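Quick notes on the structure that follows.
There are 2 protein chains.
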Amino acid sequence: MELELLNLLLVLVAAWIGGSLATRLGYPSILGELTAGIIFGPALLGILAPTETTAVLAEIGVLLMMLYIGMEIDFRELGKASKAGLLAAIGGFLVPFVLGYYAVLGFGGSQMGALFVAIAVGVTSLATKSRILVDLKLLNTRIAHVLMAGALISDTLALIIFAGIISFADAGSIELTEILMVTGKAVLFFVVTGLLGIYVLPFLGKKLEKAGFTNRTLYFTIMLIIAIGFAELAELAGLHSILGAFIAGLFLRESVFDRRLSKELNKVFYDISIGFLAPIFFVTAGYNVTFDVFQNNLTLLLVILAVAVLGKVFGTALFYLPSGNGWREGITVGTGMNGRGAVEIVIAGIALNMGFIDNEIFSILVFMAIFTTATVPVFLTWTTSWLRKRGELVLSSSEKQGVLILGAGPLSLYIAKKLSGKNPVSLIDSNADNCARATNMGLRCIQGNALKEETIIEAEGHEAGFFVSLTNNSEINVLAAQLASEVIGIPNIYVSITPSSEGANIELLEPIGASTIFAKKTDPYKWDYKLENKDFEEISVEISEEISSRNFLKQLSGREGDVLPVFYENTDGKLHIYHYGAELEPGYKVHYIK
Amino acid sequence: MELELLNLLLVLVAAWIGGSLATRLGYPSILGELTAGIIFGPALLGILAPTETTAVLAEIGVLLMMLYIGMEIDFRELGKASKAGLLAAIGGFLVPFVLGYYAVLGFGGSQMGALFVAIAVGVTSLATKSRILVDLKLLNTRIAHVLMAGALISDTLALIIFAGIISFADAGSIELTEILMVTGKAVLFFVVTGLLGIYVLPFLGKKLEKAGFTNRTLYFTIMLIIAIGFAELAELAGLHSILGAFIAGLFLRESVFDRRLSKELNKVFYDISIGFLAPIFFVTAGYNVTFDVFQNNLTLLLVILAVAVLGKVFGTALFYLPSGNGWREGITVGTGMNGRGAVEIVIAGIALNMGFIDNEIFSILVFMAIFTTATVPVFLTWTTSWLRKRGELVLSSSEKQGVLILGAGPLSLYIAKKLSGKNPVSLIDSNADNCARATNMGLRCIQGNALKEETIIEAEGHEAGFFVSLTNNSEINVLAAQLASEVIGIPNIYVSITPSSEGANIELLEPIGASTIFAKKTDPYKWDYKLENKDFEEISVEISEEISSRNFLKQLSGREGDVLPVFYENTDGKLHIYHYGAELEPGYKVHYIK
Numbered sequence: 001m002e003l004e005l006l007n008l009l010l011v012l013v014a015a016w017i018g019g020s021l022a023t024r025l026g027y028p029s030i031l032g033e034l035t036a037g038i039i040f041g042p043a044l045l046g047i048l049a050p051t052e053t054t055a056v057l058a059e060i061g062v063l064l065m066m067l068y069i070g071m072e073i074d075f076r077e078l079g080k081a082s083k084a085g086l087l088a089a090i091g092g093f094l095v096p097f098v099l100g101y102y103a104v105l106g107f108g109g110s111q112m113g114a115l116f117v118a119i120a121v122g123v124t125s126l127a128t129k130s131r132i133l134v135d136l137k138l139l140n141t142r143i144a145h146v147l148m149a150g151a152l153i154s155d156t157l158a159l160i161i162f163a164g165i166i167s168f169a170d171a172g173s174i175e176l177t178e179i180l181m182v183t184g185k186a187v188l189f190f191v192v193t194g195l196l197g198i199y200v201l202p203f204l205g206k207k208l209e210k211a212g213f214t215n216r217t218l219y220f221t222i223m224l225i226i227a228i229g230f231a232e233l234a235e236l237a238g239l240h241s242i243l244g245a246f247i248a249g250l251f252l253r254e255s256v257f258d259r260r261l262s263k264e265l266n267k268v269f270y271d272i273s274i275g276f277l278a279p280i281f282f283v284t285a286g287y288n289v290t291f292d293v294f295q296n297n298l299t300l301l302l303v304i305l306a307v308a309v310l311g312k313v314f315g316t317a318l319f320y321l322p323s324g325n326g327w328r329e330g331i332t333v334g335t336g337m338n339g340r341g342a343v344e345i346v347i348a349g350i351a352l353n354m355g356f357i358d359n360e361i362f363s364i365l366v367f368m369a370i371f372t373t374a375t376v377p378v379f380l381t382w383t384t385s386w387l388r389k390r391g392e393l394v395l396s397s398s399e400k401q402g403v404l405i406l407g408a409g410p411l412s413l414y415i416a417k418k419l420s421g422k423n424p425v426s427l428i429d430s431n432a433d434n435c436a437r438a439t440n441m442g443l444r445c446i447q448g449n450a451l452k453e454e455t456i457i458e459a460e461g462h463e464a465g466f467f468v469s470l471t472n473n474s475e476i477n478v479l480a481a482q483l484a485s486e487v488i489g490i491p492n493i494y495v496s497i498t499p500s501s502e503g504a505n506i507e508l509l510e511p512i513g514a515s516t517i518f519a520k521k522t523d524p525y526k527w528d529y530k531l532e533n534k535d536f537e538e539i540s541v542e543i544s545e546e547i548s549s550r551n552f553l554k555q556l557s558g559r560e561g562d563v564l565p566v567f568y569e570n571t572d573g574k575l576h577i578y579h580y581g582a583e584l585e586p587g588y589k590v591h592y593i594k
Numbered sequence: 001m002e003l004e005l006l007n008l009l010l011v012l013v014a015a016w017i018g019g020s021l022a023t024r025l026g027y028p029s030i031l032g033e034l035t036a037g038i039i040f041g042p043a044l045l046g047i048l049a050p051t052e053t054t055a056v057l058a059e060i061g062v063l064l065m066m067l068y069i070g071m072e073i074d075f076r077e078l079g080k081a082s083k084a085g086l087l088a089a090i091g092g093f094l095v096p097f098v099l100g101y102y103a104v105l106g107f108g109g110s111q112m113g114a115l116f117v118a119i120a121v122g123v124t125s126l127a128t129k130s131r132i133l134v135d136l137k138l139l140n141t142r143i144a145h146v147l148m149a150g151a152l153i154s155d156t157l158a159l160i161i162f163a164g165i166i167s168f169a170d171a172g173s174i175e176l177t178e179i180l181m182v183t184g185k186a187v188l189f190f191v192v193t194g195l196l197g198i199y200v201l202p203f204l205g206k207k208l209e210k211a212g213f214t215n216r217t218l219y220f221t222i223m224l225i226i227a228i229g230f231a232e233l234a235e236l237a238g239l240h241s242i243l244g245a246f247i248a249g250l251f252l253r254e255s256v257f258d259r260r261l262s263k264e265l266n267k268v269f270y271d272i273s274i275g276f277l278a279p280i281f282f283v284t285a286g287y288n289v290t291f292d293v294f295q296n297n298l299t300l301l302l303v304i305l306a307v308a309v310l311g312k313v314f315g316t317a318l319f320y321l322p323s324g325n326g327w328r329e330g331i332t333v334g335t336g337m338n339g340r341g342a343v344e345i346v347i348a349g350i351a352l353n354m355g356f357i358d359n360e361i362f363s364i365l366v367f368m369a370i371f372t373t374a375t376v377p378v379f380l381t382w383t384t385s386w387l388r389k390r391g392e393l394v395l396s397s398s399e400k401q402g403v404l405i406l407g408a409g410p411l412s413l414y415i416a417k418k419l420s421g422k423n424p425v426s427l428i429d430s431n432a433d434n435c436a437r438a439t440n441m442g443l444r445c446i447q448g449n450a451l452k453e454e455t456i457i458e459a460e461g462h463e464a465g466f467f468v469s470l471t472n473n474s475e476i477n478v479l480a481a482q483l484a485s486e487v488i489g490i491p492n493i494y495v496s497i498t499p500s501s502e503g504a505n506i507e508l509l510e511p512i513g514a515s516t517i518f519a520k521k522t523d524p525y526k527w528d529y530k531l532e533n534k535d536f537e538e539i540s541v542e543i544s545e546e547i548s549s550r551n552f553l554k555q556l557s558g559r560e561g562d563v564l565p566v567f568y569e570n571t572d573g574k575l576h577i578y579h580y581g582a583e584l585e586p587g588y589k590v591h592y593i594k
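Those protein sequences? They're chains A and B, same order as listed. The opening residue of the first sequence carries number 1 in full-length UniProt numbering; numbering runs sequentially from there. The opening residue of the second sequence carries number 1 in full-length UniProt numbering; numbering runs sequentially from there.
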């Protein structure tokens, strides 16, 4: 067989251009990939056409993408998902699901077609959001947390219901014995994969680790085999392979194999799926779109769009009421969950392949995905500014607020004490006296070597959202930051580098995404000394215009000489550690010592 | 279309089991993968059969593998390849090529078939060797260096000749204008890809870096697009796509994009090709093998085997004569180059697909690959022990012998002075006095911060085979070792960790493959002091039985108290830095200070 290389090349280039443009405009790349498929594919220009090669790669891409999506979901997070998130997920799924189902039936569609459309309008996209949340400065709000949890639960729900429908569709009859068989097989699948995931895989992981296997490629191959094995199990159970790959991802997350390797391989699976194969799927999905739908089925298109948007937004808001967070927040969450994404297109594509929906319905679903995803930023901007104006934008209480400080010198204790009112703070120091002092102040201190994984785990690094390296040894600070970032995965990392350091330098922080605490090289020892001798004053100053932490510090030092900005306080009164790269806005306060 | 998931799963599992068994036995995994394909495929058990899915994945796998093989070849190394390596490569390719060609013609084969068989018997496998060289303790011999260079050159040669043959085969006529056209297109291909590789890609790389793109997945996608683009260019020029991918690999090696990212992505391409897609190719290649050949064409099989083995071994030896290294070394190099591997199977598979050879000839080539590869360790053991007994096993002079020492304290200077007779030694120290002292002793010293890439590059870290971190600050030592390993790629890294270090620990060395210098935690400061005050004695002791460096040190300390083993000297009188994980053999000497 001949590879259709030119076609593959063009598909990859189209995906890349489309995806890059979309992300540049603040949208998920899938939007650009789909659009590229529509524009360059048979629907419009006809430059691209389906080939066997892209078909195979697209299918493998979907499997690997589902594996990756599964890997991204943290069981523990799901377990801890707030009641609010659960309510939003259920409402946001169920209401458009029911409305969508009856809408299609009302237009004379088949029952199976109606069910697939129903799932498609019910799904919520995961990938769409994080970028938008950053742009709208929502990351630390309760809404963001509800959105995350809601999307995760709703995707999981959608996949399970989808698999159930597929399995009944295959059975094709509604005899009781048949239904029992189908249900039994599905249950068996969850039991078997559950047992494999909970007992066998960790056992296998431990055995391999004991046997001293550290070859990354070996683990990569094993993970692939497990993913495809689970996918095959799902098919054997009459479910769809993507559910199997997804569940394999849930289990392969990180606990099975060595933590560092798992993190690395997560990235490899991301590269392969999101950087190579999945875009092929989305471009080729665009091929199946037809514009005929605007002539033949415009009413249905509009109805499904309405059902998708209104059902999602008001369904979410309705079910969100019992959370007690207010209907306005419910509507905001609804607008945030209104995007569709990868999972919807995957499900629609499968339905098309299996003949449950035709090209026109498929096109409607694609246009619906594009429209709803494209409008998320717009609607979400409206609703959040509405909340903001009413002062109802509540900050999250469930984001990881834990602060882990390395080094328990006077400066660390000063910071810890200030934060400990609102954040769970832990300290690590190898010096017993320092730790004892921290404990006497009512702070939690672990005595140990922060460059050992065990110490950070003992200090509950997994629960920490912030890691501060504040010893007098810049190199220890950098090495600990590496561990905290790469092995433990703490998201925000602030590192102290002394100006006299002839070793560690700021360049070393970039690969791990850490930033310099105090927004400049600082000698903690000097400030330790001042704090120890109570030779300092605390001053606060309000920010009058938007400015970066680095520039503000320059201005401040210009005026005041040698100062140390320790915190900035946003308009809600929340204290943040002052660090390089922070953006200060009017109304923020900076707390510094002198 | 439906993915043949179960089949894919079985192929992956078969490849994995076959590959693991082979590597466990000391053979390249491709041998196990081919055999698995023969055993489980149509030839024997018939459990596996060709599917569209595996066909597509195998083809993509071959492209990505050729890309990876290209990435592994260092232009500069090729340029520096010794005359001996070039001679071995030419002889080892040409002689079996000519013999193979006439053998097939003699048996009534077609001209094209004969040409393809000729290339197949001429090829030398790259992957087969490194492991065997380690097992036979040949890594530091001249033979190893000749083998490496020889295989690289011979593979490159084979690919180019192969592409040329393909392009003439496609033309299908021998009119002069046709031949000129074909040649012109091929030359144009090399010119265009050369210009792209030398000018456009580095320009693109710099632009992306300036624009601040650090997203690894983006670079991954771009590299894929470049590889497939080059492959398509090759096809347009009438050459084969694998040559394009290979050449893309040559250029994408490391100079185009950010060094750290390139290193990471090389690994990702390795994971995808060697850990996923290429094994699918080798298993499915095994499907095409037929055992009929033993009945119908046994003579031809034996003749080709003989041509392959004898032509390769004696051809290499013959052309090797002008190197002046002796005919016995030539024969040893010949036995080392006698393996066939990935490239041969790829070329044979293409010939089969294009109809130039039939299943029987293909089977002969596969059996030949298996036989020659499987016998490399056997023959090479014979020939090297023959050389060893005669005392003709010459150590390599062209391996990277440079030693880069971080820290120019008395202990560093002591080590540098001892090594500087045979190795080019450089030191790095941030302290100007230390550096001046080193310079006064006639040593090269760079004053600067070793945690900056520039400093290591200025100290010619690229030329170094050994990196020794020997400052009193264990954390600086570890961070510098990371840089030397991950960014610069120095192969042997020895790090000093002080026993009092409450930070850096030995666990941190494992992920970068570094080992502890002196085979124990050591305080350089203490020994600096003794050396400074000439308060030490130098003692040598001969090893009587095989022992690890760690255990020997334990014995030695038990007898002698506090000692510092600095070097071990092998039987050829070469000094090695004493480090954790070294294996000491009878006759070695350990030099320690007390």
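No residue lacks a Cβ here, since even glycine has one placed at the ideal position from N, Cα and C. All values derive from a computational prediction rather than experimental measurement.
Contact between the stretch 189-209 of chain A and the stretch 560-572 of chain A is absent: fewer than three C-beta pairs spanning the two stretches fall below 8 Å. In chain order, L265, V268 place their CB closer than 8 Å to the CB of A:F220, counting only its own chain and leaving out the 5 sequence neighbours on each side.
Residues of the UniProt domain "RCK N-terminal" (403-518) of chain A that bring their beta carbon within less than 7 Å of a beta carbon in chain B comprise S430, N449, L451, K452, N473, E475, I476, V478, L479, E502, G503, A504, N505, E507, L508, P511, in sequence order. Taking B:K520 as the centre and dropping the five residues before and after it, the same chain places the C-beta of L553 closer than 7 Å to its C-beta, in chain order. DSSP, reduced to helix, strand and coil, places B:G212 outside both helices and strands of the structure shown, so it counts as coil. Remark: C-beta atoms of B:G442 and B:E458 do not approach each other more closely than 8 Å. DSSP places B:S125 in the coil class of the three-state scheme, outside both helix and strand. Counting only runs of 4+ residues, the alpha helix (DSSP H) found wholly inside the stretch 401-442 of chain B occupies 410-419, 432-440, in chain order. Chain B places no beta carbon closer than 8 Å to that of A:R24, leaving this residue out of the contacts.
By the Cβ criterion, the stretch 50-62 of chain B is in contact with the stretch 279-289 of chain B, since at least three pairs of Cβ atoms, one from each stretch, lie closer than 8 Å. Taking a contact as a CB-CB distance under 8 Å, the pair B:P96 and B:A308 counts as one, their CB atoms being some 6 Å apart.
For B:R260, the chain A residues whose C-beta falls within less than 9 Å of its own C-beta are P511, listed in chain order.
For B:E232, the chain A residues whose Cβ falls inside 8 Å of its Cβ are L5, L6, L9, in order along the chain. The DSSP-derived three-state label of B:A14 is helix. Listed as beta-bridge partners of A:L575 by DSSP are A:E569.
Rounded to whole angstroms, the Cβ separation of B:I347 and B:F162 is 5 Å, and the two are in contact under 8 Å. Burial check for B:V191: the Cβ neighbour count within 10 Å stays below 16, so the residue is exposed. Counting C-beta pairs with one atom in each stretch, the stretch 368-386 of chain A and the stretch 24-39 of chain A have three or more that are closer than 8 Å, which means they touch. In the DSSP assignment, A:N492 is bridged to A:F466.
Listed in chain order, the non-local C-beta contacts of B:N7 below 8 Å within the same chain comprise L48, A49, T51, T53, T54, local neighbours out to five positions each way being set aside. A straight-line Cα-Cα distance of about 37 Å links B:K206 and B:N505. Restricting attention to A:M181, A:G286, A:A227, A:T439, the CA atom closest to the CA of A:Y68 is found in A:A227.
DSSP lists A:D429 as the bridge partner or partners of A:Q447. With a threshold of 16 other beta carbon atoms within 10 Å, A:R559 falls short and is exposed. DSSP links B:T516 through a beta bridge to B:V495.
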